[in-house]
Structures are given as C-alpha cells and as structure tokens.
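> Mind having a look at this structure? Questions to follow.
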Amino acid sequence: DAGVIQSPRHEVTEMGQEVTLRCKPISGHDYLFWYRQTMMRGLELLIYFNNNVPIDDSGMPEDRFSAKMPNASFSTLKIQPSEPRDSAVYFCASASNRGTTGLAGTGELFFGEGSRLTVL
Amino acid sequence: KQEVTQIPAALSVPEGENLVLNCSFTDSAIYNLQWFRQDPGKGLTSLLLIQSSQREQTSGRLNASLDKSSGRSTLYIAASQPGDSATYLCAVRPAFSNSGYALNFGKGTSLLVTP
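Chains as they are written, first to last, in the working numbering: chain E, -19 to 100; chain L, 44 to 158.
What follows is the structure, encoded as structure tokens:
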C-alpha cells in the first residue's frame, strides 16, 4: 500500500499568499484528519472528515483556514491569506472504522509524511 | 479537556539498555491509547494501540501497558538499539467527546540511543 500521500512536502511562501495542501488517504479508509504540528503546541487536530463529510472543524484556527474533501481519495487544506504564524508542519492522517458501530471502532491512525509550510 | 503529558521530554541511553517511557492523561474515560514513533522530518508511525478494555499490547521488543484508573501508560523498549532513536508520542482517544474521533497527543519523548 502507498500509505497516506501528501503534497507538497515543503512550501515556502510570502505572507498574504494562498497556500493549498493536498492529501490522498489510504484507499478504503473512511476517516481523514488534518493535524498541525509546532514545537510550542505539539500536534493539534484541525478538522476531520467521515465519509467525505466534515465532522468537527473546531480546531480550525480562523476563517483563513478551510478544508474540503470532494471525494474519498482526495482532500485539501487551504490557507488564504497566509501569515507567518501559520508556519508549521501539516499532517494528514486516515483511518478505517469499518465493521464497527458508532465510536467503538479501533480506527488506528496512519499518517502521511507531512507538509512543512514556511510563511515569510 | 483531556490533557496528555509525557515524561521525560528527552532521554539518552546507551545501546542495550531497557527503558520505559511514560504517558499520563487526566481523564480516565478513554476509548483507546496509541503510541507513535516520529523520525526527524517524517510523519508518525503507529507502534501499538491499546483498547480501553486491555491492559497491555506487545510488538517485538515493545510493550505498552495501560492503567486507566490511574491515567497512565508506559512504553517499554527492551534491549534498545541506535535505530530506536526517535520521538515517541502517546495519543489518547476520549470516550466521550463532541469530537468523537479526536486524538489528544502528548508532546513526546525524544529518545537517543548511543552506540
């Protein structure tokens, strides 16, 4: 299996520019997560999807951040306009809860390699 | 909100030693706890997943235990090797949360195993 695939691996941009990060989850997984990692705050959940539907976006910092999942094999995280404080590593992860009900699934998470964003 | 703490933040040991990494969490109502490994510049790799009904899980030289009532988990690494050098993160999935699937992560323990 190819695992979770993220692009780009590195992005350097100037303040005010639009940034789009992309993720391809593991085939067959029905959950997709976007996390952000910084030295100060560690790993923070931004948003997650179940069957392409956003379930919880309470971790999205502000309206400058948006995420979409148009189909089961693709998701984007967009920042517009970007700011220096958005500099971080953004991870996508996927999981499968199939065969279980409600919240009782094991749902082991598989992470991508991350997208390192630097906003100057 | 569930708080997850990992102690120590960093650890250096000589090759061959057995070692224990600690993880504590504030709310014992959890679905499961997962240990991850992160190499520099890489993503997270799942090591072990312990369900709330389980006491421990083993994989090779790794053994993870869970004591829900005391809010603790330990990751035991036997006969450490330089290749074990990485950051180890603990993550807890709360049992009752508006964000049903959200994992709460600790900040990790950075392990260095010297030859």
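Yeah, the Cβ is synthetic: ideal placement off N, Cα and C, and Gly gets one too.
1) Does Phe148(L) get closer than 7 Å to chain E when you measure Cβ to Cβ?
2) Given a threshold of 16 other Cβ atoms within 10 Å of its Cβ, counted over all protein chains shown, does Gly92(E) qualify as buried or as exposed?
3) Any C-beta of chain L sitting closer than 7 Å to the C-beta of Ser(-13)(E)?
4) Anything in chain L within Cβ reach of Gly94(E), meaning under 7 Å, just list it in chain order.
5) Between Pro137(L) and the rest of its own chain, which residues show a CB-CB distance below 8 Å, the 5 nearest in sequence each way excluded?
6) Take Leu1(E) and list the residues in its own chain whose beta-carbon comes closer than 6 Å to its own, dropping the five residues that flank it on each side.
7) Is there at least one non-hydrogen atom of the ligand ADP closer than 6 Å to the beta-carbon of Ser38(E)?
8) Please state the DSSP three-state secondary structure of Pro61(E).
9) Is DSSP giving Pro125(L) helix, strand or coil here?
10) According to DSSP, which residues form a beta bridge with His9(E)?
11) Which class does Asp66(E) belong to by DSSP, given the choice of helix, strand or coil?
12) For a contact meaning CB atoms closer than 7 Å, what does Ser89(L) contact in chain E?
13) How far does the beta strand (DSSP E) with Asp82(L) in it extend, from its first residue to its last?
14) For Asp110(L) and Tyr119(L), I'd like the C-alpha separation in whole angstroms.
15) Give the interface partners of Gln77(L) over in chain E, defined as CB-CB distance under 8 Å, in chain order.
16) Could you tell me which of Ser116(L), Ala121(L) and Thr157(L) sits nearest to Ile50(L), measuring between CA atoms?
17) Would you check if the distance between the CB atom of Thr18(E) and the CB atom of Val99(E) is smaller than 7 Å?
18) Would the segment 79 to 87 of chain L count as touching the segment 29 to 45 of chain E if we require 3 or more Cβ pairs under 8 Å?
19) Is there a Cβ from chain L that is less than 7 Å from the Cβ of Leu97(E)?
20) Is Pro51(L) helix, strand or coil when you go by DSSP?
21) So, with DSSP's three-state summary, where would you put Gly22(E)?
22) How is Ala134(L) classed by DSSP in three states: helix, strand or coil?
In this structure, then:
1) Looking up residue 148(L) in the second sequence gives position 105. Cβ-Cβ to chain E under 7 Å: yes for Phe148(L).
2) Locating residue 92(E) in the first sequence gives position 112, where the first residue counts as 1. It counts as buried.
3) For this step, residue -13(E) is matched to residue 7 along the first sequence. False, the Cβ-Cβ gap to chain L never drops below 7 Å.
4) Taking the first sequence and counting its residues from 1, one reaches residue 94(E) at position 114. Under the 7 Å cutoff, chain L gives Gly86.
5) What you label residue 137(L) is simply residue 94 of the second sequence in a count that begins at 1. Result list for Pro137(L): Gln45, Asp70, Ala72, Ile73, Tyr74, Ala145 and Asn147, in chain order.
6) In the first sequence, counting from the first residue as 1, residue 1(E) sits at position 21. Counting only Cβ-Cβ distances below 6 Å, and skipping sequence neighbours, we find Leu57, Tyr70 and Ser95.
7) Looking for the ligand ADP in the displayed structure turns up nothing, as the structure carries no ligands at all.
8) Position 81 of the first sequence, counted from the start, is the residue given in the question as residue 61(E). Three-state result, Pro61(E): coil.
9) Walking along the second sequence from the start, residue 125(L) turns up at place 82. Helix.
10) The residue labelled residue 9(E) in the question sits at position 29 within the first sequence. Answer by DSSP bridge pairing: none, since His9(E) is not bridged.
11) Mapped onto the first sequence, residue 66(E) falls at position 86. If DSSP states are grouped into helix, strand and coil, Asp66(E) belongs with the helices.
12) Mapped onto the second sequence, residue 89(L) falls at position 46. The contacting residues are Glu88, Leu89 and Phe90.
13) Here residue 82(L) corresponds to residue number 39 of the second sequence, with the count starting at 1. Unbroken run through Asp82(L): none, as it is neither H nor E.
14) The count along the second sequence starts at 1 and reaches residue 110(L) at position 67. The count along the second sequence starts at 1 and reaches residue 119(L) at position 76. The straight-line gap from Cα to Cα measures roughly 14 Å.
15) For the purposes of this step, residue 77(L) is identified with residue 34 of the second sequence, where counting begins at 1. Simply Glu88 and Leu89.
16) Residue mapping note: residue 50(L) aligns to position 7 of the second sequence, counting from 1. Ile50(L) has its Cα closest to that of Ser116(L), out of Ser116(L), Ala121(L) and Thr157(L).
17) Reading the first sequence from its first residue, position 38 is the one you call residue 18(E). Reading the first sequence from its first residue, position 119 is the one you call residue 99(E). The answer is no: Cβ separation not under 7 Å.
18) no
19) To locate residue 97(E), count along the first sequence from 1; it is residue 117. Among the CB atoms of chain L, none fall inside 7 Å of the CB of Leu97(E).
20) Here residue 51(L) refers to the residue found at position 8 when the second sequence is read from its first residue. Correct three-state label for Pro51(L): coil.
21) Position 42 of the first sequence, counted from the start, is the residue given in the question as residue 22(E). Here Gly22(E) sits in strand by DSSP.
22) As a working note, residue 134(L) is residue 91 in the second sequence. It is a strand residue.
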